[in-house]
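Heads up: the structure comes next, in structure tokens.
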Amino acid sequence: MADQSPADQTPPFSGMQSLSVDSQPPSSSSTPQMSLEEKFKIIRSVGEECIQEDELLNLLNHKPEPICYDGFEPSGRMHIAQGVMKAINVNKLTSAGCRVKIWIADWFAQLNNKMGGDLKKIKVVGQYLIEIWKAVGMDLNEKVEFLWSSDEINSRASEYWPLVMDIARRNKLPRIMRCCQIMGRSEQDELSAAQILYPCMQCADIFFLKADICQLGMDQRKVNVLAREYCDDIKRKNKPIILSHHMLPGLQQGQEKMSKSDPSSSIFMEDEEAEVNVKIKKAYCPPKIVEGNPCLEYIKYIIFPWFNEFRVERNADNGGDKLVVPYLFTYIPA
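Numbering of the sequence shown is given in UniProt numbering, commencing with residue 1 and proceeding in unit increments.
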């Protein structure tokens with residue numbers, strides 16, 4: 001992300017507390033007096049990249065409650081990048097007046113063969129993940145809406161499928177295959193026909209949900225760009241704005257993102273404190289090295305937005321406790 005959470009939105013904490021119902025991310029209660037510049041700053045801070053900033057500013061100037069689209073495949077355990085970061089980001093967006101539609105992509109998980117393609121299991125996992133967000137502090141007021149893809153598509157099939165077909169018709173197969181990253185696949189993987197259909201459907205979701213802003217991870221960037229290209233193709237002026245959030249790396253050296261398939265690389269939302277401590281102690285954290293240091297990434301993207309400070313506990317012989325705040329953050333000396 002380009003910026004961190006606004007300092008005035010999260011009160012400093014007293015002591016290092018655990019993430020729980022008692023330690024919530026900033027509330028999403030919108031401030032009626034919030035200026036256009038303040039709204040822009042908060043919303044822009046969610047994304048590591050924004051395509052395009054001038055379009056975002058213009059949108060906020062003309063639409064007080066823009067619609068943000070986010071989504072997830074119910075595919076198993078939830079790590080803190082999906083659990084805590086999403087709660088922080090959603091609360092930022094709603095605090096700035098956005099309405100957030102969270103797309104529970106159950107049919108997509110089935111297409112991608114998650115949970116063995118068992119739709120009943122996928123739905124159970126989806127409901128479980130929603131409960132985690134409730135517990136962690138996502139402000140689920142009238143501005144946040146969870147939508148199951150199977151229900152919504154079935155109820156408006158005559159609107160959805162012609163859109164999917166048109167997107168598929170206007171794009172060559174190599175262009176669609178370049179979007180395979182959104183499923184955690186690569187162009188070299190042997191893909192099923194269902195997985196070729198997947199990017200066309202995800203692209204259609206953006207228009208189906210009437211989204212003004214696509215708020216997904218950097219790994220979903222290619223399909224969001226496909227949606228903007230589709231707008232060019234059909235001569236649509238209002239393109240969806242892409243607000244791509246940062247991807248938290250895995251705990252081990254060289255891991256670009258957390259992986260559910262490698263439990264040692266991720267901190268999961270249901271991990272016990274002892275498990276978290278072991279994982280952090282084994283994490284890659286070279287002294288005075290910022291680049292590629294996952295521990296510093298977690299401080300920047302999880303600790304600071306939530307607590308507004310980071311406390312390093314040291315005994316008196318080592319100089320005593322050290323308090324680090326976002327605007328002074330460079331690295332934590334050994």
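Every residue gets a Cβ at the ideal spot worked out from N, C-alpha and C, and that includes glycine.
Do you know how far the Cα of residue j is from the Cα of residue i?
i           : j       : result
Pro-305     : Ile-88  : 7 Å
Glu-190     : Arg-236 : 34 Å
residue 347 : Ala-81  : The first residue shown for the chain is 1 and the last is 334, placing residue 347 beyond what the model contains.
Ala-227     : Ala-96  : 25 Å
Cys-180     : Glu-145 : 27 Å
Asp-271     : Glu-297 : 19 Å
Gln-195     : Lys-260 : 20 Å
residue 336 : Glu-65  : Because the chain is modelled from 1 through 334, residue 336 falls outside the range shown and cannot be assessed.
Leu-56      : Met-115 : 37 Å
His-62      : Gly-319 : 53 Å
Met-165     : Ile-299 : 44 Å
Along the chain, where does the alpha helix (DSSP H) that runs through residue i open and close?
i       : result
Cys-98  : Note, Cys-98: premise wrong, no alpha helix (DSSP H); not H, not E.
Glu-142 : Here Glu-142 belongs to no alpha helix (DSSP H), and DSSP marks it neither H nor E.
Met-165 : 157–169
Gln-127 : 119–136
Glu-275 : 273–281
Asp-233 : 221–233
Pro-174 : 173–177
Comparing alpha-carbon positions, which option in the options lies nearest residue i?
i       : options                            : result
Lys-281 : His-79, Ile-241, Ser-264           : Ser-264
Phe-310 : Leu-56, Cys-50, Gly-83, Val-325    : Val-325
Asp-233 : Ile-167, Met-85, Leu-251           : Ile-167
Gly-137 : Trp-107, Leu-147, Met-85, Arg-175  : Met-85
Thr-94  : Asn-141, Glu-49, Asp-106, Gln-127  : Asn-141
Met-258 : Asn-277, Leu-209, Glu-273, Ala-283 : Ala-283
Arg-221 : Lys-41, Glu-48, Ser-35             : Glu-48
Gln-252 : Val-278, Ile-242, Met-269, Glu-229 : Val-278
Leu-111 : Ser-266, Phe-207, Ser-75           : Ser-75
Glu-38  : Cys-231, Lys-92, His-79            : Lys-92
In terms of DSSP beta bridges, what is residue i paired with?
i       : result
Ile-196 : Ile-196 is not bridged to any residue.
Asp-70  : Ile-102
Lys-257 : Looking at the DSSP assignment, Lys-257 forms no beta bridge with any residue, so it has no partner.
Ser-244 : Glu-49
Arg-311 : Leu-323
Ile-213 : Cys-68, Ile-241
Apply the 10 Å Cβ neighbour rule to residue i and answer buried if 16 or more other Cβ atoms are within range, or exposed otherwise.
i       : result
Leu-323 : exposed
Ser-45  : buried
His-245 : buried
Asn-315 : exposed
Arg-169 : exposed
Glu-73  : buried
Ala-105 : buried
Asn-154 : exposed
Val-21  : With a pLDDT of 34 at Val-21, under the threshold of 50, the modelled position of this residue cannot be trusted; read the value that follows with caution. Label assigned to Val-21: exposed.
Just curious, the beta strand (DSSP E) that residue i is in, first and last residue?
i       : result
Lys-322 : 322–324
Val-290 : That residue, Val-290, is in no beta strand (DSSP E); it is neither H nor E in DSSP.
Mind checking if residue i is an interface residue toward chain C, Cβ cutoff 8 Å exclusive?
i      : result
Phe-40 : Absent from the structure is chain C; it holds one protein chain and no more.
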